[in-house]
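Beneath this line is the structure, given in structure tokens, with notes to follow.
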Amino acid sequence: MATSPHPTVTIAVDAMGGDHAPDEIVRGVAALSIEAPHIQTLLVGDEPRLSELLTKIRHDAERISIFHASELIGMEDKPGEALEQRPDASITVAAKLVASGAAQALVSAGNTGASVMACSRNWKRIAGVRRAALAAVYPTELRRGEKDDPFSLILDVGATLDVTAEDLVAFALMGSAYASRVSKNERPRVALLSNGSEAGKGPPEIVEAHRLLASSPDLNFVGNVEGVDIPRGTADVVVCSGFVGNVVLKMLEGVADTIVRLAGYAYKERLVWRAGLMMLSGGISRLKEVTDWEQYGGAPLLGFDRLFIKAHGRSKARAITNACKVAAKAVGSDVHGEIERAMKAFEARRAA
Amino acid sequence: MAHTHVYRWDLDKTYLKTDFDSLRSLIKTAFEKPEDKLAVPGASALLRELRGGGTGRICFISGSPRQMRKVLTRKLHLDGVEFDEFILKPNLRNMLTGRFRAMREQVGYKLPALLAGRAGLPAETPETCFGDDAESDGFIYSLYADVIARRIDRPSLEKVLVAAGTYPADALRALALAQALPEADAVRRIFIRLDRHSPTARFDRYGARLVPIFNYLQVAAVLYQDGLLPPAAVGRVALEMIDRFAYSIDALKNSLEDLIRRNRLRTSVTAQLGRELLADAPPAMGQLPGSRERLEAFAQKIAALPETRRGTALKQEPIDYLAALEADLPYRRK
């Protein structure tokens, strides 16, 4: 076992969640065990099956532990019902392990609703946070932070569909705290997603949130942005309701997929186009690399006293490896401490 | 003092952390000073325990050239490791006589050397062998075990040696030595260190006798289960890994759980080991501040390991060595 300069972090991984579970989840964790000496993983799921899978792939057993869970929740299951009916579901067991302190963060590619509910049933919310938010990263034209990070953060992308102005303010504070710690961006630019840049544009909760955020000196609030500003990178943290965020995220993913498909079509259609694409292949590869969701790792669920990284349902091994790395980085960066401090400061100022 | 058990060790990647996967690292290894060479965590502690005041016979057999004897023996002395036999490969002679294939090939070198090493021992002396997954150690040790136990006949052995690319002179020597030895089912265990993180299932074909391992605490625990090491010896191996190599207690616990899942170690054994370490850890154990506490924390963890759903236990069935050679080929080419 190589010694590592990083403190050891233990991540609970829901091995049974996701379209390619458990095989790809186990592969991702196995690769992680070789690549990242400072990360221990606690694989939660059908122990005999997970053990059997591990014997067939390269891994380092010193960094992997298995915790048996006899049930699982499928991608199509109704979250509330499934959680009630299957108390030993892998996502519930994993969330409980994190609550008990056996692991410091949770990663799952499984049913988003069930995952969020499992966290909310077993973890505490940070003081001042009423609703949790799922934050997704998206590559943009402008870069940010001391690491020249190409990713901006969009939250919420699906945890809370109906929001109040206070919820949006909490999302802004949490997103800013996350970006400042994980992207090492000292003063991230925070914006509200609306249908116009003017303060009075948008539904009442957006207008009210704008007023509250504009008077918050701790945040680098840059006002409202429109959809077109997201890929440009005008803001480092884009705040919206879970409903709007989910639609935006899926649309951005859809556009990226369509461009790749259109390029494939063009490649087949005409020789001149093919030649053009070949000349651009280096740039296209770089673009694909930047827009490749598998390398982002996953979306952090913010607002609880523990960290959950929601990996894409279609995640394969590489995405799981990266999701665990993101989780370890967030734990090591004390994101929760930063969110707690930000919420406390905001509440104190409001009370005054 | 009569030796009650023979321990045969490969050196590079088994005892020493060696990197010769590139020409640059190979050159670096060749010119490294003894004090710069690094042992695999826990290996020197385990060897000291196996030596057991002289009752265990320690034999090294390495593919390194004979010219490295001085550096390598000095390294072992620095680590406080005593040995009885130290065999190195005659690579200069191989090169000068045009036996270039023999410089890389291991079966034709190690099998006769192992058989010759067995020649002077009482027939019943048990053996345990240590190697790694970088070359053919699992194959060679298993073949050696079956040859001395007469589980493989002469024509079959001939075929295997030919298929392994052994020079005729080496093959003939191996056959003669095998014939001269008394029958003995002596090889109790073969431990293969997974330096390249090979899947453990790669070694299933060699049966229950061969145990792929991730670290030397796993070896110590299995030998404790076999009655070959006392609990304090396992504790000292664990402590070397914790104190000298910054192993976390969780990493050690995970590695024992891995053996339990693979049905190589029983939970009742880890529970007993934990209890014995808690009750009777020797005072000399661990020189660093807090060593005793770290060992206790480790003992508590393993004393309480939950019963896991274990995989199917492997049996020791006849090995198809020709198929094993074929299957090992991609790994040997790396």
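Note that the protein sequences, when read in sequence, are chains A and B.
The first sequence maps to residues 0 to 351 in numbering that gives the first Met the number 0.
The second sequence maps to residues 0 to 333 in numbering that gives the first Met the number 0.
Ideal Cβ placement from N, Cα and C applies to all residues, glycine included.
Below 8 angstroms CB to CB, which residues in the same chain sit around residue i once its five sequence neighbours on both sides are set aside?
{"i": "V25(A)", "result": "A14, L42, L49, L52, L53, I56"}
{"i": "Y223(B)", "result": "P229, P230, A232, V233, V268, L272"}
{"i": "K343(A)", "result": "A126, G127"}
{"i": "D203(B)", "result": "L313"}
Which same chain residues, not among the five before or five after residue i, have their C-beta less than 7 angstroms away from its C-beta?
{"i": "A98(A)", "result": "N121, W122, R305"}
{"i": "Y402(B)", "result": "No answer is possible for residue 402(B): it lies beyond the span of chain B, which begins at 0 and ends at 333."}
{"i": "L120(B)", "result": "V5"}
{"i": "L160(A)", "result": "S240, G241, F242"}
{"i": "V181(A)", "result": "K328, A329, S332, V334"}
Determine, for residue i, whether the minimum Cβ-Cβ distance to residues of chain B falls below 8 angstroms.
{"i": "R62(A)", "result": "yes"}
{"i": "D59(A)", "result": "yes"}
{"i": "K77(A)", "result": "no"}
{"i": "S99(A)", "result": "no"}
{"i": "S50(A)", "result": "yes"}
{"i": "K95(A)", "result": "no"}
{"i": "E197(A)", "result": "no"}
{"i": "I65(A)", "result": "yes"}
{"i": "E23(A)", "result": "no"}
When DSSP labels each residue in this structure, what does residue i get in the three-state scheme?
{"i": "Q315(B)", "result": "coil"}
{"i": "Q217(B)", "result": "helix"}
{"i": "A351(A)", "result": "coil"}
{"i": "I308(A)", "result": "strand"}
{"i": "I26(B)", "result": "helix"}
{"i": "E70(A)", "result": "strand"}
{"i": "P138(A)", "result": "strand"}
{"i": "G112(A)", "result": "helix"}
{"i": "A237(B)", "result": "helix"}
{"i": "W272(A)", "result": "helix"}
{"i": "P40(B)", "result": "coil"}
{"i": "E156(A)", "result": "For the record, residue 156(A) in the displayed sequence is Val; it is not Glu. Of the three classes helix, strand and coil, the one that applies to V156(A) here is coil, per DSSP."}
{"i": "P230(B)", "result": "helix"}
{"i": "Y246(B)", "result": "coil"}
{"i": "H4(B)", "result": "strand"}
{"i": "P78(A)", "result": "helix"}
{"i": "C58(B)", "result": "strand"}
{"i": "I212(B)", "result": "strand"}
Give a yes or no on whether the minimum CB-CB distance between residue i and chain A is below 8 angstroms.
{"i": "S43(B)", "result": "no"}
{"i": "G289(B)", "result": "no"}
{"i": "F213(B)", "result": "yes"}
{"i": "A200(B)", "result": "yes"}
{"i": "S267(B)", "result": "no"}
{"i": "D249(B)", "result": "yes"}
{"i": "T13(B)", "result": "no"}
{"i": "G310(B)", "result": "yes"}
{"i": "D257(B)", "result": "yes"}
{"i": "R334(B)", "result": "As displayed, chain B neither begins before 0 nor continues past 333, which places residue 334(B) out of reach and without an answer."}
{"i": "T17(B)", "result": "no"}
{"i": "R192(B)", "result": "no"}
{"i": "R260(B)", "result": "yes"}
Beta carbon of residue i, beta carbon of residue j: below 8 angstroms?
{"i": "G174(A)", "j": "V236(A)", "result": "yes"}
{"i": "R129(A)", "j": "A171(A)", "result": "no"}
{"i": "S43(B)", "j": "D132(B)", "result": "no"}
{"i": "I189(B)", "j": "S141(B)", "result": "yes"}
{"i": "V156(A)", "j": "A135(A)", "result": "yes"}
{"i": "I212(B)", "j": "L238(B)", "result": "no"}
{"i": "D327(B)", "j": "F138(B)", "result": "yes"}
{"i": "V221(A)", "j": "R188(A)", "result": "yes"}
{"i": "P111(B)", "j": "R47(B)", "result": "no"}
{"i": "P336(B)", "j": "V70(B)", "result": "With chain B covering 0 to 333 only, the question about residue 336(B) has no answer from this structure."}
{"i": "A122(B)", "j": "L176(B)", "result": "no"}
{"i": "G109(A)", "j": "G244(A)", "result": "no"}
{"i": "A38(B)", "j": "L15(B)", "result": "yes"}
{"i": "C118(A)", "j": "A94(A)", "result": "yes"}
{"i": "G253(A)", "j": "E140(A)", "result": "no"}
Return the chain-ordered list of same chain residues with a C-beta closer than 6 angstroms to the C-beta of residue i, the five sequence neighbours on each side being excluded.
{"i": "A322(A)", "result": "V106, G296, G297, I308, A310"}
{"i": "T40(A)", "result": "I10, V12, V28, I63"}
{"i": "L312(B)", "result": "At residue 312(B) the sequence reads Ala, which differs from the Leu that was named. The residues are N262."}
{"i": "D244(B)", "result": "The sequence shown places Phe at residue 244(B), rather than the Asp named in the question. Answer for F244(B): P40, listed in chain order."}
{"i": "E275(B)", "result": "P230"}
{"i": "F66(A)", "result": "L41, V43"}
{"i": "A144(B)", "result": "V186"}
**Item:** Whole beta strand (DSSP E) elements within the segment 73–154 of chain B, 3-residue minimum
**Value:** 84–88, 126–131
**Those runs of the beta strand (DSSP E) which lie wholly inside the segment 184–234 of chain A and span at least 3 residues** = 188–192, 219–224
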